[in-house]
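Residue numbers (our numbering): 9 to 276.
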């Protein structure tokens, strides 16, 4: 039994039926995807993952595979590409074209358009994101932003991440919340779901050792994995992707551990 069959009956819309299956951010297996993507995808499918989110690599947005190629491979393994991390750079238009070829729904930036931990910079970034969101909408894609830790710094009494939430048009810019980095920054995802309901259709489901600022297997850190999944409807969750950058042994063993954790800790 996959974890989705345990989770789905507890959720109502907007936690859509499509999210009954567990997703993985392929950055978790970045080394393996670069070296040999097809066997890597086969191993993930064998573990039980059904949803995929890609990440930009030295071999492009899909680890050296053509967009239609990875779509076909994933489909043959019973998986679907739902989202992908890209760079807002000279290849932006190409990234949009490739994303439409994979059949994915979301295209995500994990960096701001430029550097600067100031209120003015975050306001300008939000305005730029709204424009990018318009471009993606025309291509039948949803644009989004993925946080790290620095967005939760406070400047003149304002949390910089909150500036993005307040200034971005919710219909054009979706938020992919990396739960682990929010907690590592000393903030509370539950508060964000309460104050900004429906704004977080994508999550990176990640546990962290706060003292070391490192990701760990589920249940070994400070992130309330099950408690947060209970808040899926309030957050507006559509897809979640397990992500882990550091491992006790290796990426595949960590992914088996995390997947089994979800199976043995059903949401009630």
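Ideal Cβ positions, reconstructed from N, Cα and C, are used throughout, including at glycine.
Own chain, CB closer than 8 angstroms to residue i, minus 5 neighbours either side, in chain order
i, result
"residue 284", "What the structure shows of the chain is the stretch from 9 to 276, and residue 284 is not part of that stretch, so it cannot be assessed."
"residue 32", "52, 57, 59, 60, 61, 249, 250, 251, 263"
"residue 22", "Bear in mind that a pLDDT of 40 at residue 22, under 50, signals an unreliable position, so the model cannot answer this."
"residue 228", "215, 217"
Rounded distance between the beta-carbons of residue j and residue i, thought under 8 angstroms
i, j, result
"residue 82", "residue 49", "6 angstroms"
Own chain, CB closer than 6 angstroms to residue i, minus 5 neighbours either side, in chain order
i, result
"residue 15", "Bear in mind that a pLDDT of 38 at residue 15, under 50, signals an unreliable position, so the number given afterwards is only what the model happens to contain. So the list reads 275, once near-sequence residues are dropped."
"residue 205", "242"
"residue 184", "116, 152, 154, 210"
"residue 158", "none"
"residue 265", "225"
Spatial neighbours of residue i in its chain, beta-carbon cut-off 7 angstroms, leaving aside the 5 residues before and after
i, result
"residue 221", "192"
"residue 257", "none"
"residue 231", "187, 188, 191, 214, 215, 216"
Chain D within 7 angstroms of residue i, Cβ atoms only
i, result
"residue 251", "Of the protein chains in the structure, only one exists, and it is not chain D."
Of the residues the options, the one placed nearest residue i, counting alpha carbons only
i, options, result
"residue 162", "147, 188, 176, 125", "125"
"residue 68", "178, 38, 197", "38"
"residue 80", "172, 45, 121", "45"
"residue 63", "34, 120, 86", "34"
"residue 122", "30, 96, 104", "96"
"residue 259", "30, 36, 29", "36"
C-beta atoms of residue i and residue j nearer than 7 angstroms
i, j, result
"residue 247", "residue 90", "yes"
"residue 226", "residue 55", "no"
"residue 239", "residue 201", "yes"
"residue 71", "residue 42", "yes"
"residue 175", "residue 134", "yes"
"residue 234", "residue 195", "no"
"residue 173", "residue 130", "no"
Environment of residue i [buried if 16+ CB atoms lie within 10 Å]
i, result
"residue 219", "exposed"
"residue 112", "buried"
"residue 84", "exposed"
"residue 199", "exposed"
"residue 40", "buried"
"residue 261", "exposed"
"residue 47", "exposed"
"residue 93", "buried"
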